[in-house]
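Mind the numbering: the sequence shown is residues 126 to 403 in our numbering, read in order.
All C-beta atoms, glycine included, are put in the ideal place defined by N, C-alpha and C.
These figures come from a predicted structure and were not determined experimentally.
Okay, so here's the structure we're looking at.
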Amino acid sequence: MVLVLGSKGTLGSELVRQLKAKGTEVAAFDSDLDVRDAEVLIQKVSELKPEVIYNCVAYNAVDLAEKETEIAQSLNVSAVANIREAARKVDAVLVHFSTGFVFDGSSIKSYIELDQPNPQSVYAKTKYEGELEALKYPKAYVIRLNLLFGKSAESENAKKSFPELILGLAKNQKEFAFVTDEISTPTYAVDLAKATLDLVGEKYPFGIYHLPNEGQASWLDFAEEVFRIKGVEVKLNPVLGESFERAAKRPKNSVLANTKFPKLRPWQEALKEFLNSN
Ligand SMILES: NC(=O)c1ccc[n+]([C@@H]2O[C@H](COP(=O)([O-])OP(=O)(O)OC[C@H]3O[C@@H](n4cnc5c(N)ncnc54)[C@H](OP(=O)(O)O)[C@@H]3O)[C@@H](O)[C@H]2O)c1
């Protein structure tokens, strides 16, 4: 049996769906098992004795994290240490997720798994420290991704994915400005969940992996493709990141290169399938 934490989030709910479809026995918890409470968590994990723990819990509010530092720290760092210790107690494999925002974005190339992070915001720092916590355990995978999109998370507080957000706005708004000088790698929750289960199932060596969809996109590229696929006519204006007032600094380049695992399909193909399935 396996345990999914953050099971109502965008990624967690997709992992649960795919695990169940494979016939795997799954214990799934969201805020009903507070991962910040080490004692309760360790007790629960000791009872369940999962072979694998998928940690999909995170504090993902990039700008708000600059103010809510303690909350970001507790979910993205301390909770990971709790989960790692719980995994250690029962000798479970730990699967933890992180972000391309751990890099500073100054490279002109895409980032490989071995590149040195240099986080530039509170969110990015906490995600990087969370990686280090997970990697203190020898049976841990840290999987980085960017710009996650997929079915709306079941949990009310969870972050809405970008295509959903802009298509909703386009019902009343016909002109948008999107950033062109920050490039990243969109990641489809369905493809990421499948790759994650294959990685674990095929017993790849533990360590850091980059599992985004292939290709790269600025926010403008991503938005253009969403509207194009859905046939929504809007006017899109390119802007530079610095012209938006945002509390957190973003890397100009957070493109992740996957050099250790079979490549996922291009993000445009994944996006088309996602938007046509809704
Ligand atoms: N979304 C992105 O664009 C993106 C980009 C790069 C990396 N990632 C990483 O990918 C992973 C999955 O992200 P996601 O977007 O799927 O996350 P998400 O949709 O925001 O889901 C996170 C889940 O964690 C739950 N949670 C929050 N606090 C908790 C607590 N104290 N105890 C137990 N559960 C708690 C949330 O429940 P409530 O809502 O009920 O609190 C929510 O269901 C994360 O590691 C994230 O950092 C995401």
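inquiry  = Among S277, K214, S156, whose alpha-carbon lies nearest the alpha-carbon of A314?
reply    = S277
ask   = Apart from the five residues on each side of it in sequence, which residues of its chain come closer than 8 angstroms, Cβ to Cβ, to I167?
value = N207, E210, A211, K214
ask   = Taking L270 as the reference, which of K174, A320, Q241 has the closest Cα?
value = A320
task = Check each candidate in G340, V187, L324 and name the one with the smallest Cα separation from I333.
result = L324
key: the segment 248-260 contacting the segment 177-194, beta-carbon criterion three pairs below 8 angstroms   = yes
inquiry  = For K377 and G230, I'd like the C-alpha separation in whole angstroms.
reply    = 5 angstroms
task = Could you check the C-alpha separation between Q393 and Y179 for me, to the nearest Å?
result = 27 angstroms
ask   = Secondary structure at T384, three-state DSSP: helix, strand or coil?
value = coil
message = Between N201 and K252, how many whole angstroms is the CB-CB distance? I'm expecting something under 8 angstroms.
response = 6 angstroms
inquiry  = I'd like the span of the alpha helix (DSSP H) that includes L319, first residue to last.
reply    = Inspection of the sequence shows that residue 319 is occupied by Lys rather than by Leu. Start and end: 314-326.
query = Can at least three beta-carbon pairs, one atom from the segment 357-372 and one from the segment 383-392, be found at a separation below 8 angstroms?
reply = no
ask   = Helix, strand or coil: how does DSSP classify E269 here?
value = Just to set this straight, residue 269 is Arg in the shown sequence, not Glu. Strand at R269.
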